[in-house]
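Numbering (my numbering), first residue to last: 9 to 213.
The C-beta atom is built at its ideal place from N, Cα and C for all residues, glycine as well.
Heads up: the structure comes next, in structure tokens.
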């Protein structure tokens with residue numbers, strides 16, 4: 009079991025997407041999505057622009073790892089196709105192949121207006137997989153402070169990239185014990201929940 013920690017720059021409900029009974033990471037963080045396996049933990053901490061660096065936005069235990077094609081075709085995740093609506097706009101099921109086998113990017117948080125965003129598309133597809141969890145803890149605006157006494161602040165990542173190998177095994181074990189005492193599911197709305205998504209704009213990771 010490994011733990012991957014990173015900074016959630018934009019807590020919009022898109023990456024991660026904590027809606028419709030699953031917490032999914034389909035976009036952003038391509039390295040984590042490529043190398044994380046079932047049973048690993050993904051931890052997203054706040055940024056200066058939202059909850060603050062010392063707070064936990066979400067934690068998810070990876071229970072499935074699907075390719076983009078599998079994700080696009082799985083009926084369980086059709087609700088995560090982006091549509092108009094406060095929650096629906098944040099859908100992360102945004103990639104599918106057309107009849108010619110070409111990847112298409114749906115209009116979404118990662119697509120500016122009617123034209124595909126090549127930078128976001130390349131970065132997202134570079135991750136190859138979608139991480140899925142039905143065993144997650146999403147706090148959003150109600151971000152939790154990690155307890156200092158257990159040494160859990162060592163999990164916190166600051167700046168770009170992610171943190172994993174430098175986190176001691178005993179700290180990961182303490183974190184799992186701590187988080188598993190909390191109720192699973194979604195316990196708050198995203199920090200940027202009022203922000204409109206399906207308008208011409210540039211999405212952030």
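For a test of the three-state rule: what should DSSP assign to residue 78, helix, strand or coil?
Residue 78 carries a helical assignment under DSSP once its states are collapsed to helix, strand and coil.
Please state whether the Cβ-Cβ distance between residue 19 and residue 191 is less than 7 Å.
7 Å or more divides the Cβ of residue 19 from the Cβ of residue 191.
Per DSSP, which residues does residue 32 bridge with? Please list them.
Its beta-bridge partners are 25, 140.
Quick check: what's the CA-CA separation for residue 127 versus residue 213?
About 12 Å.
Under 8 Å: do the region 32-51 and the region 130-148 share three or more Cβ pairs, one atom per stretch?
As far as the Cβ criterion goes, the region 32-51 touches the region 130-148, which means the pair count is three or higher.
Would the region 167-180 count as touching the region 99-108 if we require 3 or more Cβ pairs under 8 Å?
In this structure the region 167-180 does not lie against the region 99-108, because fewer than three pairs of beta carbons, one per stretch, are closer than 8 Å.
Residue 183 - DSSP class collapsed to helix/strand/coil
Three-state DSSP puts residue 183 in a helix.
If you follow the beta strand (DSSP E) that residue 39 is in, where does it begin and where does it stop?
Taken as a continuous stretch (DSSP letters only), residue 39 belongs to no beta strand (DSSP E), being part of the alpha helix (DSSP H) at 38-43.
Quick check: what's the CA-CA separation for residue 28 versus residue 22?
The straight-line gap separating the alpha-carbon atoms of residue 28 and residue 22 is approximately 12 Å.
So is residue 115 buried or exposed if we call it buried at 16+ other beta carbons inside 10 Å?
Residue burial is scored here from C-beta neighbours: residue 115 has at least 16 other C-beta atoms within 10 angstroms and is therefore classed as buried.
Contact check, residue 50 vs residue 154 under 8 Å by CB: the rounded distance?
Between the beta-carbon of residue 50 and that of residue 154 there is about 15 Å, and that puts the pair past the 8 Å contact cut.
Counting along the chain, where does the beta strand (DSSP E) carrying residue 171 start and finish?
Annotation: residue 171 is outside any beta strand (DSSP E) and is labelled neither H nor E by DSSP.
Exposure label - residue 70; buried when at least 16 CB within 10 Å:
Around the beta-carbon of residue 70, 16 or more other beta-carbon atoms lie within 10 Å, marking it buried.
According to DSSP, is residue 160 part of a helix, a strand, or is it coil?
In the three-state scheme derived from DSSP, where H, G and I count as helix and E and B as strand, residue 160 is classed as helix.
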